[in-house]
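Residue numbers (the working numbering): 9 to 423.
All C-beta atoms in this analysis are idealised placements derived from N, C-alpha and C, irrespective of residue type, glycine included.
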Amino acid sequence: MSILIAGGGIGGLITALELHQKGFDVRVFEAVDEIRPLGVGINVLPHAVRVLAAHDLLGKLADTAITTGELAYFNRHGQEIWKEPRGVGAGYNFPQFSIHRGDLQMILLHEAERILGKDRIRKGRKLIRFEETATGRARAFFTDPRGENPETIEADLLIAADGIHSVARAQMYPNEGPPIWNGRVLWRAVSKNQKPYLSGRTMIMAGHQDQKFVCYPISREAEKRGVSDINWIAELSFDPSKGWRREDYNRAGVLADFAPRFASWKFDWLDVPGLIESSEQIWEYPLVDRNPVDRWTFGPVTLLGDSAHPMYPIGSNGASQGILDAECLANSIEKHGETHAALAAYEAERRPPTSAIVLANRQNGPEQVMQMAEERAPDGFRHVEDVISRQELEDIANRYKQLAGFTKQHVNKVA
Ligand SMILES: Cc1cc2nc3c(=O)[nH]c(=O)nc-3n(C[C@H](O)[C@H](O)[C@H](O)COP(=O)(O)OP(=O)(O)OC[C@H]3O[C@@H](n4cnc5c(N)ncnc54)[C@H](O)[C@@H]3O)c2cc1C
């Protein structure tokens with residue numbers, strides 16, 4: 009009895025840890041020859057931190073990440089629209105972490121290699137296709153990243169955690185085509201050794217849906233030195249019919265393409281142009297997702313994480329939902345065994361809520377308050393309540409938490 013996981017990203021690695029903890033024979037096949045700490049910052053919400061805590065990773069995370077204290081939205085004039093405490097400060101039993109994606113992936117990789125054994129996390133093994141055997145098992149075909157050294161492996165189940173360009177999903181949906189671009193482009197970077205702003209642990213978003221700036225500190229090590237390594241994202245909208253360069257997490261960005269648009273965003277609590285200029289390396293990425301699909305599971309094969317529900321990075325859910333998938337899938341396999349029924353039960357539980365988040369993020373999720381402020385008071389406001397009532401603001405924040413499964417009541421009850 010055995011389970012294969014294609015993809016050693018955040019979703020694949022936590023799935024391996026979850027399944028191993030429940031006693032299953034599991035192996036990860038990652039396409040790249042060497043897993044390197046790529047990407048920029050992400051947030052891990054308390055419901056996903058709860059899953060990581062069950063693997064005793066809380067200490068390592070707290071030593072690496074910033075324990076997020078609050079989330080605040082501002083208009084493009086730097087005026088505060090909404091602020092809320094996050095994580096433990098908001099009454100959750102678990103913190104929210106702002107962390108470099110690569111650091112999180114390396115924490116999971118080292119833990120998976122330590123617990124499962126290095127030989128169980130195979131690198132340089134790219135899934136190229138799968139099929140179901142006559143007895144209902146999964147047969148997976150791998151090569152190295154250059155398309156050489158083919159290898160065929162059979163197992164009871166194949167979990168495709170191979171990201172937004174999933175090969176398994178492309179085989180399931182051959183006509184789906186590339187991810188969908190909505191006209192927005194993100195420029196992302198980390199500016200190191202900055203003066204801390206606001207609480208020193210605040211995640212901020214400023215602007216509106218066509219021009220936005222997001223930032224948050226991500227390094228505990230920098231915090232210990234009294235400075236902040238600040239992850240930032242500058243976002244602009246373009247005409248989607250013009251097309252953009254294919255999404256690639258490692259494409260270098262150019263200051264001249266976006267920085268002039270933020271030149272006047274000097275708030276008394278944050279110097280946005282100063283922050284942009286002090287970064288060493290900028291990455292450019294078009295905002296893309298995919299339409300929710302009707303089915304993730306085909307016999308002994310299912311999708312997980314970004315292969316299943318690639319979504320806009322709005323509301324801090326990309327990595328968090330993949331981690332929740334892993335927990336649900338492992339529970340389902342524990343209950344139903346390494347069977348097709350286990351995959352179907354996992355899909356029945358996870359596909360509806362994650363599809364709803366994909367769609368809600370297209371409407372800007374909880375960030376819609378910024379667009380409301382822009383439409384109702386483009387020149388700014390004296391008091392935010394003159395523009396959006398307190399009740400309206402609370403309702404939007406609460407509705408999204410409900411939808412994404414991280415209300416305090418839910419997270420603390422599950423814990
Ligand atoms: C290099 C990189 C950088 C990223 N940077 C950011 C970021 O800065 N901010 C952010 O919010 N999100 C980022 N993401 C996305 C974020 O990690 C995911 O949204 C989230 O963590 C869900 O994880 P996942 O494991 O489903 O997918 P991913 O994290 O995309 O992991 C998929 C893994 O599968 C591997 N893989 C791909 N194809 C195959 C194949 N055919 N066979 C075997 N393995 C395969 C990939 O190499 C990767 O390791 C990044 C993803 C990648 C791969």
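Asked	Found
Which residue from Ser287, Ser397, Arg359 puts its Cα closest to that of aspartate 237?	Ser287
Identify the continuous beta strand (DSSP E) that holds aspartate 237 and give its terminal residues.	236-245
How is serine 315 classed by DSSP in three states: helix, strand or coil?	helix
If you drop the 5 nearest sequence neighbours on each side, which residues of the same chain put their C-beta closer than 8 Å to that of threonine 160?	Arg147, Ala148, Phe149, Phe150
Grab the span of the alpha helix (DSSP H) containing valine 395 for me, first residue to last.	Note, valine 395: premise wrong, no alpha helix (DSSP H); not H, not E.
Along the chain, where does the alpha helix (DSSP H) that runs through lysine 416 open and close?	416-422
Our contact map puts proline 54 next to glutamine 104 with C-beta atoms below 8 Å; I'd like the distance itself, whole angstroms only.	6 Å
Do lysine 134 and ligand 1 come close, with the Cβ less than 7 Å from some heavy atom?	yes
Which residue's Cα is closest to the Cα of asparagine 83: Ala405, Val301, Asp218, Ile107?	Asp218
Quick one, which of Phe221, His391, Leu25, Ala338 has its alpha-carbon nearest leucine 244's?	Phe221
Rounded C-beta distance between alanine 24 and alanine 120? I'm assuming under 8 Å.	5 Å
May I have the straight-line CA-CA distance separating leucine 194 from cysteine 223, to the nearest angstrom?	12 Å
Does the Cβ of threonine 141 have 16 or more other Cβ atoms within 10 Å, making it buried, or fewer, making it exposed?	exposed
Buried or exposed: threonine 143, going by 16 or more other Cβ atoms within 10 Å of its Cβ?	exposed
For a quick check, are the C-beta atoms of tryptophan 90 and alanine 405 less than 8 Å apart?	yes
Counting along the chain, where does the beta strand (DSSP E) carrying glutamine 371 start and finish?	Note, glutamine 371: premise wrong, no beta strand (DSSP E); not H, not E.
Looking at C-alpha atoms only, which residue of Leu46, Arg130, Lys421 is the closest neighbour of isoleucine 107?	Leu46
Check each candidate in Ala338, Glu357, Ile365, Tyr408 and name the one with the smallest Cα separation from valine 59.	Ala338
In the DSSP output, what is cysteine 223 paired with across the bridge?	Ile212, Trp240
Return helix, strand or coil for glutamine 202, following the three-state DSSP convention.	strand
Could you work out which residue in Pro225, Ser199, Ile188, Trp189 is closest to leucine 1 when comparing CA atoms only?	Only positions 9 to 423 of the chain appear in this structure, which leaves residue 1 out of reach.
Taking 7 Å as the line, does the beta carbon of glutamate 346 fall inside it for any heavy atom of ligand 1?	no
Would you identify the three-state DSSP class for leucine 46, choosing helix, strand or coil?	coil
Per the DSSP calculation, phenylalanine 306 is bridged to which residue(s)?	Val309
Take lysine 409 and list the residues in its own chain whose beta-carbon comes closer than 6 Å to its own, dropping the five residues that flank it on each side.	Thr415
Following the continuous beta strand (DSSP E) through serine 424, name the residue where it begins and the one where it ends.	The chain is shown from 9 up to 423; residue 424 falls before or after that span and cannot be answered.
Is the closest heavy atom of ligand 1 to the C-beta of isoleucine 161 under 7 Å?	no
Short check: CB of valine 309 to CB of phenylalanine 138, under 8 Å?	yes
Looking at C-alpha atoms only, which residue of Ile129, Ile115, Asp170, Arg145 is the closest neighbour of isoleucine 136?	Asp170
So what does DSSP say about threonine 23, is it helix, strand or coil?	helix
What residue range is occupied by the uninterrupted beta strand (DSSP E) comprising isoleucine 11?	11-14
Give the secondary structure of arginine 137 by DSSP, where H, G and I count as helix, E and B as strand, and everything else as coil.	strand
For the alpha helix (DSSP H) that contains threonine 76, what are its first and last residues?	Where threonine 76 is concerned, there is no enclosing alpha helix (DSSP H), given that its DSSP letter is neither H nor E.
In terms of residue numbering, what span does the beta strand (DSSP E) encompassing isoleucine 284 cover?	Here isoleucine 284 belongs to no beta strand (DSSP E); instead the alpha helix (DSSP H) covers 280-285.
With three or more beta-carbon pairs closer than 8 Å as the criterion, would you say the segment 331-349 touches the segment 270-289?	no
Name the residue from Thr210, Ala353, Tyr181, Asn239 whose alpha carbon lies nearest to the alpha carbon of asparagine 299.	Tyr181
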